[in-house]
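Residue 1 is where the sequence shown starts when you use full-length UniProt numbering, and the numbers rise one by one after that.
By construction, the Cβ of each residue, glycine as well, lies at the ideal position given by its N, Cα and C atoms.
Notes follow once the structure below has been shown.
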Amino acid sequence: MSRLTWRDLVSEAISGIGSRPARTALTIAGIVVGIGTLVTTLGVSATAGNQIAGRFDAATATEVTVHVPRPGNPDAPPAVRWSAADDVARLNGVTAVAAYSRSQEGKDLPVRANAVKDPTRILDRLLPVVGSTPSLLDAARAGMSAGRFFDTGHVERRDRVAVLGAEAAAQLGLTRIDNQPAVLVDGEPFTVIGILGAVGRTDQQVLATAVILPWTAADDGLRLGPVTTVAITTVLGGASLIAEQAPLALAPNDPVALQVDAPPDPATLRTGVAQDVSGLLLILGLVSLVVGALGIANVTLVTVMERTAEIGLRRALGARRHHIAAQFLCESTVIGLLGGIIGASTGILAVVGISVARQWTPVVDGTLAAASPLVGAVVGLLAGLYPSIRAARMQPVDALRGPG
1 MSRLTWRDLV
11 SEAISGIGSR
21 PARTALTIAG
31 IVVGIGTLVT
41 TLGVSATAGN
51 QIAGRFDAAT
61 ATEVTVHVPR
71 PGNPDAPPAV
81 RWSAADDVAR
91 LNGVTAVAAY
101 SRSQEGKDLP
111 VRANAVKDPT
121 RILDRLLPVV
131 GSTPSLLDAA
141 RAGMSAGRFF
151 DTGHVERRDR
161 VAVLGAEAAA
171 QLGLTRIDNQ
181 PAVLVDGEPF
191 TVIGILGAVG
201 RTDQQVLATA
211 VILPWTAADD
221 GLRLGPVTTV
231 AITTVLGGAS
241 LIAEQAPLAL
251 APNDPVALQV
261 DAPPDPATLR
271 TGVAQDVSGL
281 LLILGLVSLV
291 VGALGIANVT
301 LVTVMERTAE
311 IGLRRALGAR
321 RHHIAAQFLC
331 ESTVIGLLGG
341 IIGASTGILA
351 VVGISVARQW
361 TPVVDGTLAA
371 ASPLVGAVVG
381 LLAGLYPSIR
391 AARMQPVDAL
401 RGPG
């Protein structure tokens, strides 16, 4: 009885592969491209997701915005008191908090600068008007390009002062405040004491186009009404907790009436980015892997046809059908295994190279890298099934006659 040990099988497979090095190298290249593309795709998407989430953590993950509904009845008490911002400021993890109200339920008001150089060109600008607490500058992560922001004293004295957003000042033609210019907001005069610079928070960009007043003066002269928005800045990682605690601190009797805008969980964001980045490229990697598998199948089938006489001789000397099939299956599996090893190594190097070029921290799943050679071996095994079965079905007499 003919016997074929595993050692003999692997030895024969390696000998068969090594006898045609150029063809073997081209066949392995197909698997290398497929596996390498998969590893690179998943690694780069995970790295990019981690990088984007890291930047997100350092910026928007510290921002919480609470929207307060206006009461349906004008005589009803406000949902949030102006002093409630101080209660939020006492929460652990809050670095800045400000409350403000928009003009007439968000409608812009006519604003005019008092410096009239050409009476025929007097034009009112429709601009957002905001009445706020003095801490708005810190909560919005904004700076001053000229002058100063109003303080608690202005609020308590109900001073008619105003701070203009940079775009609002440009529209009104005000570039300096040393001459104490004034603006008429819906006919009410306010002295300009400062002009905002850049506003750091993306959800507070309305301030760049707004006229900002102390909330007391805005309530006296313009009847802006109660608090409509509370902007909160937290320490890194504290936004989620503050988003849960802030409504209770602002409106203990009805916290569910408040709408809270908090950043999504960074882990969820990281996963979403990774999925978005990897989707299309993952399909490309799978297509490359399929092409590599077809390459192995084609080369193995050609090899079977070229080695017909060898197959016939082995069968005549006592080799069984499953011995012949096992030999060709082993050859295709070894080719797939080698392609998986080289492809995984190439993919990891590509991820590291891209990360270094972008100054990112590379993220590679160790399980993926370890499984890649196994995936390559399985692809090679499956690709070699048909050629191996065809070789095993050859009759010794027909095989010895050759292809002709």
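In the DSSP assignment, residue 190 forms a beta bridge with 183. Contact fails between the stretch 376-391 and the stretch 60-77, because fewer than three Cβ pairs, one in each stretch, are under 8 angstroms apart.
With respect to the C-alpha of residue 305, the residue from 146, 328, 157 having the closest C-alpha is 328.
Assigned with DSSP and collapsed to three states, residue 254 falls in coil, not helix or strand. Taking the C-beta atoms as reference points, residue 136 is found nearer than 8 angstroms to residue 212. The stretch 235-248 and the stretch 137-149 do not touch, with fewer than three beta-carbon pairs separated by less than 8 angstroms. Secondary structure note for residue 379: its alpha helix (DSSP H) is the uninterrupted segment 366-383. DSSP places residue 355 in the uninterrupted alpha helix (DSSP H) bounded by 321-358. When Cβ pairs closer than 8 angstroms are counted between the two stretches, the stretch 86-102 is seen not to touch the stretch 144-155, the count staying below three. Your pair residue 238 and residue 93 checks out as a contact, with CB atoms roughly 3 angstroms apart and the cut at 8 angstroms. Sorting 209, 374, 81 by C-alpha distance to the C-alpha of residue 342 places 374 at the top. Between the stretch 20-32 and the stretch 332-346, the count of Cβ pairs shorter than 8 angstroms is three or higher; the stretches touch. Taking a contact to require three or more Cβ pairs closer than 8 angstroms, the stretch 291-303 and the stretch 345-363 do not qualify as touching.
Taken through DSSP and simplified to helix, strand or coil, residue 80 comes out as coil. By the Cβ-count criterion, residue 296 is buried, with 16 or more other Cβ atoms from all chains shown falling within 10 Å of its own Cβ. In the DSSP assignment, residue 112 falls within the unbroken beta strand (DSSP E) covering 109-113.
Residue 380 is positioned such that its CB atom lies no closer than 8 angstroms to that of residue 36. Within the stretch 118-170, the runs of alpha helix (DSSP H) that reach at least 4 residues and sit entirely inside it are, in chain order, 136-139, 152-157. In the structure shown, the three-state DSSP call for residue 261 is strand. Residue 171 and residue 126 have their alpha carbons spaced roughly 10 angstroms apart.
Annotated as distal: residue 162 and residue 199, with beta-carbon spacing of 8 angstroms or more.
Distance from residue 66 to residue 258 at the Cβ level is roughly 5 angstroms; contact confirmed, criterion being Cβ atoms closer than 8 angstroms. A residue is called buried when at least 16 other Cβ atoms come within 10 angstroms of its Cβ; residue 395 does not meet this threshold and is exposed. Assigned with DSSP and collapsed to three states, residue 71 falls in coil, not helix or strand.
Nearest to residue 196 by alpha-carbon distance, out of 179, 174, 216, 184, is 174. Cβ neighbours of residue 333 within its own chain (closer than 6 angstroms, five residues either side excluded): 377, 380, 381. With a threshold of 16 other beta carbon atoms within 10 Å, residue 180 falls short and is exposed.
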